[in-house]
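Note that the sequence shown covers residues 14 to 95 in the numbering used here.
Worksheet: the structure to be examined is printed underneath.
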Amino acid sequence: MSTLENLIRMANQIARNLETHGPEAAAAATADHIRKFWAPRMRAAVQDHIERECGRGLSEIALQAFRQIGLASGAAHDTPNA
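Below, the structure written as structure tokens:
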């Protein structure tokens with residue numbers, strides 16, 4: 014399994030664990046977790062995937078979480094070599 018596949022799996026797993034809070038709250042909580050605990054290069058890898066592949070493989074909650082933190086919209090993000 015590639016690094017990207019692992020990141021997608023982890024994002025979906027976080028989202029799935031939080032989905033009982035409802036879609037909006039789950040996306041917000043997933044985004045918060047990713048902001049706090051994922052390294053910038055992890056977030057950048059998923060951003061690249063979203064830009065290239067429209068987030069293929071990400072659950073709707075996980076994709077919404079990345080949109081909330083500005084990654085899916087192409088907003089400025091952390092440098093990938095941190």
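For every residue, glycine included, the Cβ atom is placed at its ideal position computed from N, Cα and C.
With C-beta atoms as the reference, is Ile-21 less than 9 Å away from Gly-70? For the purposes of this step, residue 21 is taken as the residue at position 8 of the sequence shown. For the purposes of this step, residue 70 is taken as the residue at position 57 of the sequence shown. In this structure, Gly-70 lies closer than 9 Å to Ile-21 by Cβ.
To the nearest whole angstrom, what separates the beta carbons of Ser-72 and Asn-30, a pair I think is in contact under 8 Å? Within the sequence shown, numbered from 1, the residue matching residue 72 stands at position 59. Within the sequence shown, numbered from 1, the residue matching residue 30 stands at position 17. Cβ-Cβ separation between Ser-72 and Asn-30: approximately 11 Å, too far for a contact (criterion under 8 Å).
Taking Cβ positions, are Phe-79 and Ile-27 nearer each other than 9 Å? Along the sequence shown, read from residue 1 onward, the residue named residue 79 stands at position 66. Along the sequence shown, read from residue 1 onward, the residue named residue 27 stands at position 14. Cβ distance not < 9 Å, so Phe-79 and Ile-27 don't count as in contact.
Beta-carbon spacing of Ala-75, Ala-40 below 9 Å: Residue mapping note: residue 75 aligns to position 62 of the sequence shown, counting from 1. Residue mapping note: residue 40 aligns to position 27 of the sequence shown, counting from 1. For Ala-75 and Ala-40, yes; Cβs fall inside 9 Å.
As assigned by DSSP and simplified to three states, the class of Ile-82: Working through the sequence shown from its first residue, we reach residue 82 at position 69. Note: Ile-82 maps to coil in three-state DSSP.
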